[in-house]
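Some notes on the structure that comes next.
Residue numbers (my numbering): 2 to 184.
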């Protein structure tokens, strides 16, 4: 009899915990597997504990903690102040890109149109799918920036690689008239 045959003969205990959950409990093989079907963010997202207790005393022999993240895609991004940002030359302007609904919190990245280099922004994570994650971009607009477009890109692990959500904002820069003087 091979080692594989002996291992497969170990008694298997399946414990139904809830309608969609079951535990594969085979201590002789070191198997303590929790299987969750039809996951729900509200029910299953969070910390799970596995504890082995001593028979009789109930003292903890071993315990492990696991954080489970139920993946949910984020909602499309929204830009504040809107799809057209009106700015004044040489006065700081903040534009905030927000997304809700993602688990884990989405990654939000700003780009200037035509560039693949991400712009530095201040990130405020929502912490749950019920709160907005925000990325605030601060710029100092110049006359040359009038008509420039900025893109906000949102992604998290619930989305396939290469898939993302994005939106654009156009910059309308108000600038004072400059006169040229001959010396």
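Every residue gets a Cβ at the ideal spot worked out from N, C-alpha and C, and that includes glycine.
These figures come from a predicted structure and were not determined experimentally.
Within 8 Å, strictly: CB atoms of residue i and residue j
i, j, result
"residue 73", "residue 130", "yes"
"residue 1", "residue 85", "The structure shown does not extend to residue 1, since the chain is modelled only from 2 to 184, so the question has no answer here."
"residue 98", "residue 108", "no"
"residue 141", "residue 93", "yes"
"residue 64", "residue 52", "yes"
"residue 35", "residue 43", "no"
"residue 128", "residue 101", "no"
Anticipated Cβ contact below 8 Å, residue i with residue j, distance rounded
i, j, result
"residue 155", "residue 78", "5 Å"
"residue 111", "residue 122", "5 Å"
"residue 45", "residue 24", "The pair is not a contact, with the Cβ atoms about 14 Å apart (cut-off 8 Å)."
"residue 50", "residue 26", "The Cβ separation is near 15 Å, so there is no contact."
"residue 144", "residue 90", "6 Å"
"residue 120", "residue 138", "6 Å"
Buried versus exposed, by CB contacts within 10 Å (16 or more), residue i
i, result
"residue 134", "buried"
"residue 28", "exposed"
"residue 87", "exposed"
"residue 174", "buried"
- Message: As an exercise, report each continuous beta strand (DSSP E) stretch of at least 3 residues that is fully enclosed by the region 74-108, in chain order.
- Response: Whole beta strand (DSSP E) segments, 3+ residues: 79-81, 85-89 and 94-100.
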